[in-house]
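Trainee: Below you'll find the structure I mean.
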Amino acid sequence: MRYLVFSDIHGNLEALEAVLKDARKKRIDHYLFLGDLVGYGASPNEVIQQVQALAHLSLVRGNHDKAVAGLDSIQTFNPIAAAGIEWTRKSLNKRYLHFLASLAKSPLIVHDNITICHGAPFDEDYYIFGEFDAAEAFGYISTPVCFFGHTHFPFVYVEREEMVEGTFIEKFPAEIKLEKGARYLINPGSVGQPRDRDPRAAYAVYDSKNNRLKFNRVEYNIAESQRKILATDLPAALAERLSLGI
Ligand code: ZN
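Here's what the structure looks like:
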């Protein structure tokens, strides 16, 4: 099976469309989405509509999805993120609010013995930043591969004989061969709000047959996403950061 692994779209339709267009050339069998459909960007309805339309899809909710759906308070969010959540809540169609509220909580085990989660397998809101966090996360995973999102940084952690090693992915495309006997925690990066100073949309393709994973980046129409944000009363900083990738 070939999986498209993607995360953290955050209401950015132009970035999502660029990823899905690129993915269509790669014969994808199944889509794995790791949470945060909305929050920050100006096209939450269109993003949910496009993701819902994917025929073979497994997904979990993100912290922004949960807050927009009213399942969590916005007090843990910084003022800009909180403004994005409030704007999204009042802009979303009712049926999409219900859809967000119905999303599965992490972790979820899907086809081919893969775990997906938003933050960490032990806490959907936790940020895995570094080998110490990753080592703890491996303790909660029963599958050889776990995909996670939330940090917006493309990263791979590998566990071999109880030693954990993390690698930040900086050059694209980057391909890794998953070794038998090792375990992996992999973040594909963010579709709609990269924070690694590379403004291109990020995603990964995992081929479970030959055990290869490829990290990709794709250009998208950033100016159009920014124009849409500036046409709303969302904070202008949410538009500015897109061209910087922060
Ligand atoms: Zn996010």
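Per this note's numbering, the sequence shown starts with residue -10, numbered consecutively. Even glycine gets a Cβ: it sits at the ideal position worked out from N, Cα and C. Everything numeric in this text was worked out from a predicted model, so none of it was measured.
1) Pull up the DSSP beta-bridge partners for residue 141, would you.
2) Pull up the distance between the alpha-carbon of residue 225 and that of residue 30, whole angstroms please.
3) By Cβ distance below 7 Å, which residues in the same chain neighbour residue 43 in space, the five residues on each side in sequence not counted?
4) Which residue or residues does DSSP assign as beta-bridge partners of residue 178?
5) With respect to the alpha helix (DSSP H) encompassing residue 156, which residues constitute its N-terminal and C-terminal limits?
6) Kindly provide the chain-ordered list of residues whose Cβ lies closer than 5 Å to any non-hydrogen atom of the ligand ZN.
7) Contact check, residue 102 vs residue 133 under 8 Å by CB: the rounded distance?
8) Kindly give me the distance between the Cβ atoms of residue 94 and residue 49, rounded to whole angstroms, as I take these residues to be in contact under 8 Å.
9) Just to check my reading of the structure: residue -10 and residue 139 have Cβ atoms closer than 8 Å, yes? What is that Cβ distance to the nearest angstrom?
10) When you compare the region 67 to 81 with the region 217 to 234, are there three or more beta-carbon pairs, one atom per stretch, that lie closer than 8 Å?
11) What do you get for residue 136, buried or exposed, if any count of 16 or more other CB atoms within 10 angstroms of its CB means buried?
12) Are the region 182 to 199 and the region 147 to 155 touching, with three or more C-beta to C-beta distances below 8 Å?
13) Less than 7 Å separating the beta-carbons of residue 271 and residue -4?
14) In three-state terms, what does DSSP make of residue 205?
15) Pop quiz: residue 214 and residue 1 are said to be a contact at Cβ under 8 Å. What is the actual Cβ separation, rounded to whole angstroms?
16) Considering only residues of the same chain and omitting the five flanking positions on each side of residue 232, which have a CB-CB separation below 6 Å?
17) Evaluate contact between the region 101 to 119 and the region 75 to 85, counting only Cβ atoms and requiring at least three cross-stretch pairs below 8 Å.
18) Alpha carbon to alpha carbon, how far is residue 66 from residue 108? Give it in angstroms, no decimals.
19) Taking Cβ positions, are residue 240 and residue 126 nearer each other than 7 Å?
20) Hey, residue 190 and residue 4: beta-carbon distance below 7 Å or not?
21) What first and last residue would you give for the alpha helix (DSSP H) that runs through residue 77?
22) What is the DSSP secondary structure of residue 130, reduced to helix, strand or coil?
Mentor: Taking the geometry as given:
1) By one-based count along the sequence shown, residue 141 stands at place 152. Its beta-bridge partners do not exist; DSSP assigns none.
2) For this step, residue 225 is matched to residue 236 along the sequence shown. For this step, residue 30 is matched to residue 41 along the sequence shown. Distance between the alpha carbons of residue 225 and residue 30: 11 Å.
3) One-based indexing of the sequence shown puts residue 43 at position 54. Taking residue 43 as the centre and dropping the five residues before and after it, the same chain places the C-beta of 20 closer than 7 Å to its C-beta, in chain order.
4) Numbered from 1 along the sequence shown, position 189 holds the residue referred to as residue 178. According to DSSP, which records beta bridges pairwise, residue 178 is partnered with nothing at all.
5) Along the sequence shown, one-based indexing puts residue 156 at 167. Bounds of any alpha helix (DSSP H) do not take in residue 156; it lies within the beta strand (DSSP E) bounded by 152 to 157.
6) The set, ordered by position in the chain, is -3 and 25.
7) Position 113 of the sequence shown, counted from the start, is the residue given in the question as residue 102. Position 144 of the sequence shown, counted from the start, is the residue given in the question as residue 133. That pair is a contact at about 7 Å.
8) The residue labelled residue 94 in the question sits at position 105 within the sequence shown. The residue labelled residue 49 in the question sits at position 60 within the sequence shown. Sure, about 7 Å apart at Cβ, within 8 Å.
9) As a first step, residue -10 must be located in the sequence shown, where it is residue number 1. As a first step, residue 139 must be located in the sequence shown, where it is residue number 150. The beta carbons of residue -10 and residue 139 sit about 24 Å from each other, so the pair does not count as a contact at 8 Å.
10) The region 67 to 81, when compared against the region 217 to 234, does touch it at the 8 Å Cβ threshold.
11) Counting from one through the sequence shown, the residue named residue 136 turns up at place 147. When all chains shown are included, residue 136 counts as buried.
12) Output reads no: the region 147 to 155 does not touch the region 182 to 199.
13) The chain is shown only over -10 to 235; residue 271 falls outside these bounds and no answer can be derived.
14) Walking along the sequence shown from the start, residue 205 turns up at place 216. Residue 205 falls in the strand class under three-state DSSP.
15) Start at 1 with the first residue of the sequence shown, and residue 214 comes out as number 225. Start at 1 with the first residue of the sequence shown, and residue 1 comes out as number 12. The C-beta separation of residue 214 from residue 1 comes to about 5 Å, placing the pair in contact by the 8 Å criterion.
16) Translated into the one-based positions of the sequence shown, residue 232 becomes position 243. Sequence-distant partners of residue 232 (beyond 5 residues in either direction) whose C-beta falls short of 6 Å from its own C-beta, in its chain, are 188 and 211.
17) Not touching, per the Cβ criterion.
18) Along the sequence shown, read from residue 1 onward, the residue named residue 108 stands at position 119. Along the sequence shown, read from residue 1 onward, the residue named residue 66 stands at position 77. Straight-line Cα distance between these residues: approximately 15 Å.
19) For residue 240 there is no data in the structure shown, the boundaries of the chain being -10 and 235.
20) Sequence index remark: in the sequence shown, residue 190 carries index 201 (1-based). Sequence index remark: in the sequence shown, residue 4 carries index 15 (1-based). Taking 7 Å as the cut-off, the Cβ atoms of residue 190 and residue 4 count as close.
21) Walking along the sequence shown from the start, residue 77 turns up at place 88. In the DSSP assignment, residue 77 falls within the alpha helix (DSSP H) that extends over 68 to 80.
22) Taking the sequence shown and counting its residues from 1, the one referred to as residue 130 is at position 141. Here DSSP, grouped into helix, strand and coil, assigns residue 130 to coil.
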